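Chains as they are written, first to last, in UniProt numbering: chain E, 1 to 313; chain S, 1 to 507; chain C, 1 to 320. These notes are about the structure you will find just below.
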């Protein structure tokens with residue numbers, strides 16, 4: 001009884017158990033679901049969402065939502081082939097340039113939110129729209145093929161049978177858990193998310209932390225864009241769009257309060273896997289993108305109602 | 001006194017918040033044609049009682065009765081329908097709407113479903129004449145000064161032709177002239193048979209206007225009697241009802257040290273051109289009526305709102321801190337008045353609240369040092385007698401203990417200057433005593449304590465020096481034996497009291 | 001109405017509101033003159049009709065957005081609602097419902113979705129911005145299910161009537177603005193402003209703030225869905241994602257018109273002027289040969305600029 005309660009009070013664990021349950025049932029009832037290749041594929045897909053949701057987790061913890069995640073993924077996927085110089089055999093120069101741009105976009109978001117006092121959701125929405133227009137103007141809207149060796153390695157190689165993307169995700173997860181639970185800045189994000197005024201009067205700098213926060217969100221979205229590009233081999237306008245919704249859904253599925261101040265990336269990890277799994281299952285019963293949109297929307301709304309109820313208690 | 005039955009009563013009402021009892025079986029009866037005073041210290045339960053009488057809150061036990069009939073679930077709407085109007089301290093006006101639209105809000109005269117602006121203008125004109133508002137009725141309320149807005153608020157209550165009028169500190173932002181108009185108005189309404197409940201900290205007003213008084217102390221009624229033959233001192237005794245000597249630690253012989261703060265020509269928010277100096281070992285009080293710039297003064301010094309000064313020196317360094325982090329680095333810390341919204345991160349644990357300002361300092365190699373953190377928290381909890389598990393959310397604590405956490409979190413920084421904004425508001429007596437002792441100890445340790453307080457006894461008995469603010473200006477600076485309740489209240493209200501209020505500058 | 005006596009106070013209040021917007025009126029007028037000089041075609045009936053037809057849906061969604069912002073809320077579901085309105089119009093009007101049934105269906109859906117959203121926000125006290133974000137996904141999904149690909153049918157005569165060479169759209173806009181003025185002269189309408197500015201105070205004054213919020217969301221939903229109906233008539237068919245740009249456009253126009261994010265600040269007439277200004281800007285960009293996506297770039301910049309510039313002007317003034 002006590003233990004059951006403890007599990008219910010621990011959303012990350014709950015989500016993990018849910019994933020295990022779904023995998024068990026689907027593995028027993030659906031042919032091919034439990035195959036190593038298929039599960040590995042699911043994890044690979046989850047890695048992109050998980051990495052994109054890393055930045056989103058931080059933003060949500062601090063009480064915001066980053067609506068530019070999808071656009072930043074698209075930007076990195078489109079710009080990488082254009083910015084990878086031919087003289088660089090490793091492709092790392094292009095990677096560094098593109099990630100710097102992603103961080104720059106994040107910093108602009110943060111600057112708009114702090115210096116211009118634009119509500120962060122509006123700021124990131126405006127940024128997403130702006131980027132969408134810029135991309136078509138700059139890149140012309142046609143698909144680009146990636147030749148960058150570093151990105152291809154990231155998307156295609158499987159050291160010891162584990163996809164490199166999953167390895168990257170494990171690294172990102174380790175960094176994220178360290179950042180949230182073992183570094184002062186994690187506690188500051190949480191305090192700002194739960195009560196910005198009290199945090200500010202306690203000497204936590206809103207400006208500084210908001211800038212860092214959105215820069216990190218841009219960085220992780222850029223990283224997710226690179227991984228996606230490597231897996232896809234092709235970048236096109238709109239490639240990042242589905243990841244806006246899924247990044248938010250993964251965060252709230254992991255038990256992080258959408259109102260800020262409470263949660264952990266440890267929940268987002270199983271959240272991303274659960275999301276990919278349910279999407280795969282829905283695809284089996286052949287659901288349209290419309291149904292998927294409804295499902296994610298209702299999911300966010302339902303969790304919002306639950307976490308809002310808790311917040312008011 | 002009239003023989004008519006009470007229009008509005010509270011019958012043995014109890015009310016508590018988060019397990020802290022605020023009202024413990026309070027009776028009050030408002031009769032027609034009588035001005036009834038409600039007195040009590042800050043935190044005695046006056047606001048809660050008003051909220052019960054106006055239907056904004058429901059009692060835990062006991063009943064509210066209208067015309068002798070107990071009402072099971074009084075809502076603000078049904079209270080209004082029964083003719084109960086409240087003028088609260090916080091204004092209920094919408095800044096962009098005109099005076100007329102504000103006064104009529106919620107009670108607009110209609111014609112074919114539309115607001116009848118002609119009838120509205122007539123009705124509003126009438127109540128505006130009563131309260132002496134001569135501004136054009138189409139003027140947006142945002143363009144009015146604070147005192148005029150307060151008069152709009154009163155006119156708004158009158159517009160509903162109330163049978164019961166509750167006035168909560170109506171004169172706190174009024175000029176002497178406006179207060180006079182209000183006094184005559186109250187007399188008129190009383191003669192028309194309106195039951196009036198008048199809440200004020202100004203005893204002379206109460207004695208001039210009211211005929212009956214209920215005194216609240218710590219959630220109970222200590223007096224419910226006619227005001228005839230009661231003098232001011234007697235009322236104060238009923239409100240305080242304890243020897244102040246027990247509550248406050250003795251003031252030590254003035255043995256002040258180096259200058260910690262010295263600012264001249266300081267302006268921030270409401271505060272204009274203030275001069276403030278404080279030395280190590282002092283407790284400097286900031287007094288005045290509510291909202292005269294006390295909070296802006298502290299926040300400006302703390303770098304939390306824009307401030308400027310002709311000359312500023314803080315612990316030997318010149319210049320005001322540009323932000324909170326700089327203030328902390330300069331050894332200044334701030335404990336806000338509204339601990340729930342400004343002081344604490346309520347859903348987070350006691351430990352994380354205590355650690356918040358010290359996170360960076362305790363980290364080693366960029367990572368948090370769990371052992372050092374746990375040690376610090378345990379140490380502070382013991383020092384401040386915060387009982388129980390520090391992993392509990394801080395919202396589970398009583399008001400007094402919350403306030404101790406809000407204070408405790410700053411101690412690891414070893415601050416040279418403590419800025420405190422009404423730290424004992426809504427805190428039980430026992431914790432008050434602890435906080436006073438603590439402040440004295442801080443001063444004795446060579447810190448400077450700057451204490452803004454709405455509790456006049458606190459200023460008198462705890463502070464070595466008191467600055468009284470009025471409309472953003474330093475109206476008086478008192479020290480030593482010159483610090484008396486009369487001097488503080490007099491300066492706060494702009495009453496010259498001869499030699500009693502010295503405008504002398506210490507040092 | 002008793003004009004003679006009511007013109008006193010009511011007229012004075014209106015005049016004072018207009019006085020605060022003189023700057024905006026002048027800017028809009030200047031842009032319109034510039035536009036007429038660049039493209040004299042606007043001065044013909046046909047040109048004027050086309051111009052106002054481009055403005056009409058933007059004006060509606062701006063009203064839908066400003067209504068909520070004035071009440072202290074915001075919605076990110078405008079675009080999807082426009083799409084859904086277009087989809088419903090295009091799928092019902094060709095069927096047994098006919099045009100009247102289709103219009104009724106669009107209004108009912110907008111009203112229903114708005115009311116439900118408003119109820120969630122008001123009764124559960126959740127932040128409007130996140131509720132409408134989630135709502136926008138659900139509404140988009142519904143539109144995609146009803147009409148996975150652009151298609152459907154809007155009767156030709158309706159398209160000709162609304163989006164032909166006559167200024168019917170402009171007249172409709174005048175009617176809607178008139179209805180809004182009447183609504184604003186009701187206690188409920190004025191309560192939208194009061195509750196946005198000072199919700200606690202309005203509540204204590206007897207304003208049913210929850211009901212006011214639900215009503216404003218419902219009206220906002222109707223306006224957005226009607227904008228979708230018009231867009232469907234304009235294009236002759238339904239498109240499940242055609243509304244997407246309207247979300248940000250509506251915010252940009254409202255902010256341009258001086259409506260604040262925090263509620264109670266600004267006026268509807270200002271917002272409508274803002275939408276006219278934005279519409280002129282978009283038209284100019286179009287005529288100058290910018291590709292349609294340049295609109296997105298402009299929107300992003302306008303929003304940030306329209307929020308940042310006044311805020312910094314205020315700061316600058318305060319610092320002096």
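The beta carbon of each residue, even a glycine, is placed where N, CA and C say it ideally should be. Note that this is a predicted model, so its numbers are computed, not measured.
From the DSSP secondary-structure annotation, give me the bridge partner or partners of residue i.
i: residue 217/S; result: 220/S
i: residue 266/S; result: 274/S
i: residue 279/S; result: 259/S
i: residue 479/S; result: 465/S
i: residue 234/E; result: 145/E
i: residue 338/S; result: Paired residues: none, contrary to the question.
i: residue 140/S; result: 98/S
i: residue 68/E; result: The partner list for residue 68/E (beta bridge, DSSP) is empty, contrary to what the question assumes.
Grab me the residues of residue i's own chain with a C-beta within less than 6 Å of its C-beta, minus the 5 sequence neighbours each way, in chain order.
i: residue 81/E; result: 144 and 146
i: residue 61/S; result: 14
i: residue 91/S; result: 149 and 153
i: residue 497/S; result: Any reading at residue 497/S needs caution, since the residue's pLDDT is 45, under 50, leaving its predicted position unreliable; the model's value is listed next. The residues are 490.
i: residue 508/S; result: Outside the displayed span of chain S (1 to 507) sits residue 508/S, for which this structure offers no information.
i: residue 311/S; result: 264
i: residue 310/C; result: none
i: residue 407/S; result: 335
i: residue 51/C; result: 42
With respect to the beta strand (DSSP E) encompassing residue i, which residues constitute its N-terminal and C-terminal limits?
i: residue 421/S; result: 417-421
i: residue 436/S; result: Counting along the chain, residue 436/S falls outside any beta strand (DSSP E), though it belongs to the alpha helix (DSSP H) covering 429-444.
i: residue 146/C; result: Here residue 146/C belongs to no beta strand (DSSP E); instead the alpha helix (DSSP H) covers 128-146.
i: residue 70/S; result: 69-71
i: residue 82/S; result: Premise fails: residue 82/S is in no beta strand (DSSP E) and is neither H nor E.
i: residue 314/S; result: 311-314
i: residue 61/S; result: 61-66
Excluding the five sequence neighbours on either side, which residues of its own chain have a C-beta within less than 8 Å of the C-beta of residue i, listed in chain order?
i: residue 21/C; result: 258, 267, 269, 270 and 273
i: residue 89/E; result: 149
i: residue 506/S; result: Its pLDDT being 34, under 50, residue 506/S is placed unreliably by the model, and nothing is read from it.
i: residue 516/S; result: Here chain S covers residues 1 to 507 and nothing more, so residue 516/S does not appear.
i: residue 299/E; result: 249, 252 and 253
Provide the residue span of the alpha helix (DSSP H) that contains residue i, from first to last.
i: residue 323/C; result: Look at the range of chain C in this structure, 1 to 320, and you will see that residue 323/C is not part of it.
i: residue 46/S; result: 46-53
i: residue 9/S; result: Looking at the DSSP string, residue 9/S is not in any alpha helix (DSSP H); the run it does join, the beta strand (DSSP E), is 8-17.
Quick one: residues in its chain with C-beta nearer than 7 Å to the C-beta of residue i, no 5 flanking neighbours on either side, listed in chain order?
i: residue 193/E; result: 61, 62, 63, 260 and 261
i: residue 285/C; result: 294, 295 and 298
i: residue 274/S; result: 266, 297 and 474
i: residue 207/C; result: 191, 194 and 195
i: residue 312/C; result: none
i: residue 40/S; result: 46, 215, 216, 217 and 239
Interfacial residues, the segment 125-137 of chain S to chain C, with Cβ spacing under 8 Å: Listed in sequence order: 136 and 137.
Contact between the segment 298-306 of chain E and the segment 30-39 of chain S is defined here as three or more beta-carbon pairs at a separation below 8 Å; is this criterion met? In short, these stretches do not touch, since the Cβ pair count stays below three.
By the 7 Å beta-carbon criterion, what residues does the segment 14-48 of chain S contribute toward chain C? Within the segment 14-48 of chain S, no residue has a Cβ that lies closer than 7 Å to any Cβ of chain C.
According to a CB-to-CB cut-off of less than 8 Å, which residues of the segment 210-223 of chain E neighbour chain C? Answer set for the segment 210-223 of chain E: empty.
Could you name the residues of the segment 184-196 of chain E whose beta carbon sits closer than 8 Å to any beta carbon of chain S, in the order they occur along the chain? Answer in chain order: 184, 187, 188, 190, 191, 194 and 195.
Determine which residues of the segment 289-307 of chain S have a Cβ less than 7 Å from any Cβ of chain E, and write them out in chain order. In summary, the residues of the segment 289-307 of chain S whose CB is separated from some CB of chain E by less than 7 Å are 304, in the order they occur in the chain.
Which of the residues in the segment 133-148 of chain C, read from start to end, lie with their CB under 9 Å from any CB of chain E? Of all residues in the segment 133-148 of chain C, 133, 134, 135, 136, 137, 138, 139, 140, 141, 142, 143, 144, 145, 146 and 148 have a Cβ within less than 9 Å of some Cβ in chain E.
Short-range partners of chain E found in the segment 250-263 of chain C, where Cβ spacing is below 7 Å: When CB distances to chain E are screened at a threshold of 7 Å, the residues of the segment 250-263 of chain C falling below it are 251 and 261, in chain order.
Along the segment 267-293 of chain C, where does the CB come closer than 8 Å to a CB of chain E? Name the residues. If the cut-off is 8 Å between Cβ atoms, the segment 267-293 of chain C has 291 and 293 near chain E.
If we count Cβ pairs, one from each stretch, closer than 8 Å, do we get three or more for the segment 316-327 of chain S versus the segment 353-371 of chain S? In short, these stretches do not touch, since the Cβ pair count stays below three.
At a CB distance below 8 Å, what residues from the segment 292-311 of chain C approach chain E? Give them in sequence order. For the segment 292-311 of chain C, which is checked against every Cβ of chain E, the residues closer than 8 Å are 293, 294, 295, 296, 297, 298, 299, 300, 301, 303, 304, 307, 308 and 311.
For the structure I just gave you, are there three or more beta carbon pairs, one from the segment 108-121 of chain S and one from the segment 193-211 of chain S, closer than 8 Å? No, they do not touch.
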